[in-house]
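Okay, so here's the structure we're looking at.
Protein chains: 2
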Amino acid sequence: MKAVTMADVARHANVSKSTVSQYVNNRFDYMSEETKKRIEQTIIELDYRPNILARSLKQKSTTTIGVIVANILHTFSTQIIRTIEDECNEAGFHVMVCNADDDPEKEKKYIEMLRAKQVDGIIILPTGNNIALYEEMVKSKYPVVFVDRTVPNMKIPSVMLDNERAAGLAVEHLLQNGYERIGIITNVVKNVTPRVERINGYKNALVNNDVSVNEDYIKNLEVTQVAQGLQEMLLLQPPPQAILAGNDLVLIEVLKHIKRKEIQIPSELAVIGIDEVSFSEFYEPPLTIVEQPTIEIGKKAAELLLKIITDKESVPEEEIYRFEPVLNIRESSKRIQS
Amino acid sequence: MKAVTMADVARHANVSKSTVSQYVNNRFDYMSEETKKRIEQTIIELDYRPNILARSLKQKSTTTIGVIVANILHTFSTQIIRTIEDECNEAGFHVMVCNADDDPEKEKKYIEMLRAKQVDGIIILPTGNNIALYEEMVKSKYPVVFVDRTVPNMKIPSVMLDNERAAGLAVEHLLQNGYERIGIITNVVKNVTPRVERINGYKNALVNNDVSVNEDYIKNLEVTQVAQGLQEMLLLQPPPQAILAGNDLVLIEVLKHIKRKEIQIPSELAVIGIDEVSFSEFYEPPLTIVEQPTIEIGKKAAELLLKIITDKESVPEEEIYRFEPVLNIRESSKRIQS
DNA sequence: CTGTTAGCGCCTTCAC
DNA sequence: GTGAAGGCGCTAACAG
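Sequence lines, in order, name chains A and B.
Positions 481 to 818 (the working numbering) are the ones given, in order, by the first sequence.
Positions 481 to 818 (the working numbering) are the ones given, in order, by the second sequence.
What follows is the structure, encoded as structure tokens:
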């Protein structure tokens, strides 16, 4: 690894560094065809490749953004990442993906690392537990966009699902199909904002339809506790007739339990989930799902961040962008037999 | 964004830049307690954060590696990414994740970008269609490790599944359970090496058990063509009694078709897949799966690359590290009724 | 059209 | 114990 530099190219081609620099940056407005050819030739010959680091140091821009996801194992995260990458690539930006594992400490470490690496901005699916850090970024006008969750009173643009509506859609659909005793299980660890909002949406939908809220039908559990929590709920008198799974991980746990106990869907228990899953169509029975428009969410987040980066002044304050969920009706919530 | 530099800190603390540098790098062997405190104080006061770019430029190491995955939407990729990240973090390295979308052009772009950004090495799930580029990297001794696939005659260490054995395990299991007419569907686009090896493993297992190979039972299809291909296969006389899905995406398509046609598993058609899926346990019937040890594969890849980077000389040549698949027997391949 | 001259922010001898 | 000086590879005026 010899490391050919611009100076080497300049020397071999008998020109100065700046001429080479011009060439590399496609600024040959005033360059003779001949030197152009000569430089081109030399570059190939020496297998010269520019050092972006040096360029970035000079230009104070890395054309790179960071993305910190809560947990990369979630389908939601991957889809978001993929969209963000596509969007950024089009704009000539690169993406550094980091996985915080729902750990505020890791999140902090990554934010600091990314800033030290001079990335031009960061998209975060925040843990919510680094308030001071977030505030510091706002104060120093560092470009940041939140996705999936938000933090109250933080002047950081956030793009997220209309969670209340997502839960509301599910509940209303169930009510319309004759289910009145509806349980909801959410995941404590993840999705702080979403969880609260989804439960609110659930409650509001019930109240608006004159159905009383039974707190026993609401559970926030660790993924590992879902099965047991569901079991307890089903032993209540009367038990819920339908269950709303707060996200894909909960849904999977719910279905595992249903399988073990050989519960019939929907006759013994209707099921509906938030977050589309790969098997919803061919599961028996097919699963009714409230889907997030992940592509649009990711796209919006990228657009927002790039705009803030490019156009430093036009910083949108504390705006929250909400995206509409989509209800995919299948058979796991079919009209109740009465 | 003022951008506090080391010089600023030095000035405010009344010391020279180099002293600050020493401090930042924990080299206070010969530093007075007092200046130490003073520098510490100033750093906090000014909210100074070192510019890693400048440091990397000088040190010729970014302590960052790149990972280029074929397609980030695959569970396999995400799990690999996650493990690599964990492993690298422990070693103080950062990770840049890129998504090639099975497109050699994108792959090329990313390899060049990552090298320009001076990452210390790259882990690639290669498309296989950039031979010249790969060779160039070998020639210039750039640290690279392949995962999932390999490229013949390329002196690049590769860590992958024992694909022959994976398919072999599946076939033998089916044979043992009384299935003789076994079909296999793989995915053309993805997994060049794996596909070939899996089909070989499939054929060998049949031959070794004195079952003749029927080429009509072997299909390489685009994901979108899987349903139709399966349909055609099932119309053969005689039709296969069991189907081996070459990866998770194929399995999902197969199951969709099975659902549409209301085919009974395993009585009408046994099913077995390569790559564990979230729903294998609670699908009805539970699905027999040949699982890849993704964690170990990712871990090995990271270890290898870090070793090559750290210990430039000890470059392992053309080694292929194979990992054993695990057969998770469930009910979709239950003994045939005779 | 091309070369000269300064840095970007940090690290690293080598004097003092 | 600390400071001065040079340089990593590249860019950007400004001359010529």
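Just so it is clear, CB atoms sit at the ideal spot from N, CA and C, and this is done for glycine as well.
Assign residue i to buried or exposed, taking buried as 16 or more other Cβ atoms, counted over all protein chains shown, within 10 Å of its Cβ.
{"i": "N610(B)", "result": "buried"}
{"i": "P606(B)", "result": "buried"}
{"i": "A722(A)", "result": "buried"}
{"i": "D755(B)", "result": "buried"}
{"i": "V687(B)", "result": "exposed"}
{"i": "G572(B)", "result": "exposed"}
{"i": "P637(A)", "result": "buried"}
{"i": "L716(B)", "result": "exposed"}
{"i": "N579(A)", "result": "buried"}
{"i": "A483(A)", "result": "exposed"}
{"i": "I738(B)", "result": "buried"}
{"i": "I523(A)", "result": "buried"}
{"i": "S620(A)", "result": "exposed"}
{"i": "E525(A)", "result": "exposed"}
{"i": "K792(A)", "result": "exposed"}
So residue i packs on residue j, CB below 8 angstroms; how close in whole Å?
{"i": "N808(B)", "j": "E776(B)", "result": "With a Cβ gap of about 16 angstroms, N808(B) and E776(B) do not count as contacting."}
{"i": "P773(A)", "j": "L649(A)", "result": "Rounded, the Cβ-Cβ distance is 13 angstroms, inconsistent with contact."}
{"i": "E644(A)", "j": "E677(A)", "result": "5 angstroms"}
{"i": "M511(B)", "j": "V547(B)", "result": "That pair is no contact at about 39 angstroms."}
{"i": "S812(B)", "j": "I752(B)", "result": "7 angstroms"}
{"i": "L533(B)", "j": "Q598(A)", "result": "5 angstroms"}
{"i": "A490(A)", "j": "T499(A)", "result": "7 angstroms"}
{"i": "M593(A)", "j": "H574(B)", "result": "6 angstroms"}
Please report how far the alpha carbon of residue i lies from the alpha carbon of residue j, in whole angstroms.
{"i": "Q656(B)", "j": "I679(B)", "result": "19 angstroms"}
{"i": "K586(A)", "j": "H554(A)", "result": "17 angstroms"}
{"i": "D600(A)", "j": "P530(B)", "result": "15 angstroms"}
{"i": "R815(A)", "j": "I662(A)", "result": "14 angstroms"}
{"i": "Y801(A)", "j": "P632(A)", "result": "14 angstroms"}
{"i": "E565(A)", "j": "N551(B)", "result": "12 angstroms"}
{"i": "N856(A)", "j": "F759(B)", "result": "This structure cannot speak to residue 856(A), because chain A is shown only from 481 to 818."}
{"i": "K683(A)", "j": "K699(A)", "result": "13 angstroms"}
{"i": "E761(B)", "j": "K736(A)", "result": "7 angstroms"}
{"i": "F556(B)", "j": "D628(B)", "result": "9 angstroms"}
{"i": "I561(A)", "j": "A782(A)", "result": "10 angstroms"}
{"i": "T630(A)", "j": "I591(A)", "result": "16 angstroms"}
{"i": "L784(B)", "j": "V625(B)", "result": "7 angstroms"}
{"i": "I745(B)", "j": "R595(B)", "result": "50 angstroms"}
{"i": "P765(B)", "j": "R810(B)", "result": "8 angstroms"}
{"i": "N667(A)", "j": "R535(B)", "result": "42 angstroms"}
{"i": "R635(A)", "j": "G681(A)", "result": "Here the sequence assigns Lys to residue 635(A), which means Arg is not the residue at that position. Cα to Cα, K635(A) sits roughly 24 angstroms from G681(A)."}
{"i": "I664(B)", "j": "Y763(A)", "result": "22 angstroms"}
{"i": "P719(B)", "j": "M713(B)", "result": "6 angstroms"}
{"i": "Y622(B)", "j": "K741(B)", "result": "52 angstroms"}
{"i": "L641(A)", "j": "K540(B)", "result": "43 angstroms"}
{"i": "T819(B)", "j": "Q559(B)", "result": "Given a span of 481 to 818 for chain B in the structure shown, any question on residue 819(B) remains unanswerable."}
{"i": "K780(B)", "j": "E513(B)", "result": "44 angstroms"}
{"i": "N689(B)", "j": "T563(B)", "result": "38 angstroms"}
Does DSSP put residue i in a helix, in a strand, or in coil?
{"i": "H574(A)", "result": "strand"}
{"i": "Y801(B)", "result": "strand"}
{"i": "G681(A)", "result": "helix"}
{"i": "S536(B)", "result": "helix"}
{"i": "A707(B)", "result": "helix"}
{"i": "E585(B)", "result": "helix"}
{"i": "I664(B)", "result": "strand"}
{"i": "I754(B)", "result": "strand"}
{"i": "E811(B)", "result": "coil"}
{"i": "A580(B)", "result": "coil"}
{"i": "L701(A)", "result": "strand"}
{"i": "L724(A)", "result": "strand"}
{"i": "L641(A)", "result": "strand"}
{"i": "I603(A)", "result": "strand"}
{"i": "V547(B)", "result": "strand"}
{"i": "I769(A)", "result": "strand"}
{"i": "F556(A)", "result": "helix"}
{"i": "V484(B)", "result": "coil"}
{"i": "V676(B)", "result": "helix"}
{"i": "V627(A)", "result": "strand"}
{"i": "V691(A)", "result": "coil"}
{"i": "V495(B)", "result": "coil"}
Between the region 495-507 of chain A and the region 515-522 of chain A, are three or more C-beta pairs nearer than 8 angstroms?
yes
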